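Read the structure below first, then the notes.
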Amino acid sequence: MTSTFDLLEMICLLLPVAALSGWYLGKRSQRTGPSSKSAMLSTDYYVGLNFLLNEETDKAVDAFIRMLDVSPDSVETTLALGNFFRRRGEVDRAIRIHQSLMSKPNLTPKQRNHSLLELAQDYLRAGVYDRAESLLLELTNTVGNQLEISLRHLIDIYEREKDWEKAIHIAIRLQEVTKQSMSNEIAHYYCEIAEIAWSKGKIRTAFKYLKQGLSHNRNCVRASFIQGNFEKKLGKYKHALRSYKRIEFQDPAYLPEAIFLIMECYEQLGEHQALEEYLDYLLHHCPSISIVLAHAEKVKEKQGKEFAAQFLANYMHRHPSIRGLKHLIEFHLTRVMGEVRNELLMLKSLVEQLVEKKPIYRCGHCGFATKLLHWQCPSCRQWAAVKPIQGIEGE
Numbered sequence: 082m083t084s085t086f087d088l089l090e091m092i093c094l095l096l097p098v099a100a101l102s103g104w105y106l107g108k109r110s111q112r113t114g115p116s117s118k119s120a121m122l123s124t125d126y127y128v129g130l131n132f133l134l135n136e137e138t139d140k141a142v143d144a145f146i147r148m149l150d151v152s153p154d155s156v157e158t159t160l161a162l163g164n165f166f167r168r169r170g171e172v173d174r175a176i177r178i179h180q181s182l183m184s185k186p187n188l189t190p191k192q193r194n195h196s197l198l199e200l201a202q203d204y205l206r207a208g209v210y211d212r213a214e215s216l217l218l219e220l221t222n223t224v225g226n227q228l229e230i231s232l233r234h235l236i237d238i239y240e241r242e243k244d245w246e247k248a249i250h251i252a253i254r255l256q257e258v259t260k261q262s263m264s265n266e267i268a269h270y271y272c273e274i275a276e277i278a279w280s281k282g283k284i285r286t287a288f289k290y291l292k293q294g295l296s297h298n299r300n301c302v303r304a305s306f307i308q309g310n311f312e313k314k315l316g317k318y319k320h321a322l323r324s325y326k327r328i329e330f331q332d333p334a335y336l337p338e339a340i341f342l343i344m345e346c347y348e349q350l351g352e353h354q355a356l357e358e359y360l361d362y363l364l365h366h367c368p369s370i371s372i373v374l375a376h377a378e379k380v381k382e383k384q385g386k387e388f389a390a391q392f393l394a395n396y397m398h399r400h401p402s403i404r405g406l407k408h409l410i411e412f413h414l415t416r417v418m419g420e421v422r423n424e425l426l427m428l429k430s431l432v433e434q435l436v437e438k439k440p441i442y443r444c445g446h447c448g449f450a451t452k453l454l455h456w457q458c459p460s461c462r463q464w465a466a467v468k469p470i471q472g473i474e475g476e
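Using the working numbering, the letters of the sequence shown map in sequence onto residues 82 to 476.
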């Protein structure tokens with residue numbers, strides 16, 4: 082149904098073209114005599130409004146298209162009318178309007194490109210990506226604002242279709258056109274291709290793609306993380322360790338994701354002293370609750386739960402953490418009995434429920450919160466924007 086607000090918006094949209102066209106045809110009739118086109122314009126305009134008021138939208142669209150065909154200055158309004166329907170989700174009507182405009186033989190190149198772009202966006206909204214792609218590719222041979230918008234839409238299509246090779250090609254083209262870096266996106270596209278290659282057993286090819294990703298963006302945490310995972314699976318723990326440790330300098334916010342993998346590599350190499358030194362270094366240079374808990378586990382192994390609990394409690398006094406509280410309770414549970422133990426168990430259960438309900442990651446671009454790490458935000462679709470939450474409820 083057409084809401085009152087939508088109806089008023091459409092009427093406001095059409096009033097200027099009716100006024101301008103009436104003025105144009107009136108001036109023309111003064112020179113050439115009475116014109117039937119003026120009457121036709123007026124009739125179609127009021128017939129269209131009548132259909133709209135009666136919520137007969139398809140008939141209204143037909144009437145307005147007839148009216149707009151009469152006016153020589155109707156192209157922009159026709160585009161806006163189609164845009165109006167697309168915004169309302171009535172994509173089939175938007176397509177009809179923009180297709181009718183494309184059939185006009187007297188469009189200027191600029192008007193035709195604008196019409197092509199609007200029609201492509203209609204198909205995008207409808208999910209008809211192949212038709213949208215063909216129109217947008219045609220627009221990549223143009224210059225101006227339509228070129229940039231078309232390239233961005235093409236990237237959106239290729240991301241959705243997971244056609245990463247084409248996404249890289251268009252991203253490089255967009256980078257050249259706008260002079261704005263697309264290195265972050267390109268690096269992630271190479272990561273996607275690397276993971277596909279690995280899944281097919283193409284190990285050398287996978288590493289080659291990761292190297293290409295890092296060549297575009299040396300601070301791509303994902304490339305280091307994947308590289309470390311690949312090397313660890315191959316038993317190359319020293320190489321894996323080098324890849325994981327690179328994350329600290331790329332973006333330390335992601336270091337908690339790799340800390341236990343780093344510990345595993347050190348332990349596989351038998352370098353226990355080096356691990357303790359590294360954890361101590363991280364504790365002073367980029368502390369987080371994950372790193373503190375990893376350190377506490379090593380203290381527990383060497384000195385027992387009492388020292389581990391004291392170590393964790395000292396940190397918690399300065400940096401309160403829900404996750405830290407949960408582990409602190411677990412350390413104390415083995416040291417108490419009776420009613421105190423029962424109370425601690427109840428408190429542990431409450432804290433676990435609280436932790437369970439809280440998201441672990443949040444997108445820094447749109448605020449989307451989740452329990453899973455997404456390299457591309459499912460909401461705003463930005464790359465490398467979802468990171469571990471900081472503060473008392475996070476790291």
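Here a beta-carbon is modelled for each residue, glycine too, at the ideal position from N, C-alpha and C.
Only a predicted model underlies this, so the values are computations on that prediction, with no experimental measurement involved.
query, result
"Cβ atoms of Q331 and N300: under 8 Å apart, would you say?", "yes"
"Rounded to whole angstroms, what's the CA-CA distance from L428 to A252? Just pull it up for me.", "52 Å"
"Suppose only complete runs of 4+ residues qualify. What are the alpha helix (DSSP H) ranges in the segment 395-442, listed by chain order?", "403-414 and 419-438"
"Check each candidate in A377, Y270, K452 and R399 and name the one with the smallest Cα separation from I436.", "The question names Ile, but residue 436 in the sequence shown is Val. The residue with the shortest Cα to Cα distance from V436 is K452."
"Decide yes or no for the touch test of the segment 441-448 against the segment 241-249: beta carbon pairs closer than 8 Å, at least 3 of them.", "no"
"I'd like to check one pair, L360 with I372: are the Cβ atoms closer than 8 Å?", "yes"
"If the criterion is Cβ atoms closer than 8 Å, does the pair Y325 and K468 meet it?", "no"
"Just the Cα atoms here: how many angstroms apart are A339 and Q227?", "43 Å"
"Starting from V373 and walking both ways along the alpha helix (DSSP H), at which residues does that stretch end?", "I370 to Q384"
"Using a Cβ-Cβ distance cut-off of 8 Å, determine whether L160 contacts chain C.", "Here chain C cannot be found, since the structure has a single protein chain."
"Around the Cβ of T189, are there at least 16 other Cβ atoms within 10 angstroms (buried) or fewer (exposed)?", "exposed"
"Going by the DSSP bridge assignment, what does Q293 pair with across the sheet?", "DSSP, once it has assigned bridges, lists no residue as partnering Q293."
"V172 lies in the alpha helix (DSSP H); which residues open and close that run?", "V172 to M183"
"Going by alpha carbons, who is nearest to E387 out of L291, Q349, E411 and P401?", "E411"
"What is the C-beta distance between W456 and R285, in whole angstroms, given that I count them as a contact (C-beta under 8 Å)?", "With a Cβ gap of about 23 Å, W456 and R285 do not count as contacting."
"Quick one: complete alpha helix (DSSP H) runs, 4+ long, within the segment 257-340?", "264-280, 284-297, 302-314, 318-326 and 328-331"
"Does DSSP classify Q457 as helix, strand or coil?", "strand"
"Should A450 and C458 be called a contact, given that it needs their Cβ atoms to be closer than 8 Å?", "no"
"Tell me C447's beta-bridge partners as DSSP assigns them.", "None; C447 has no bridge partner."
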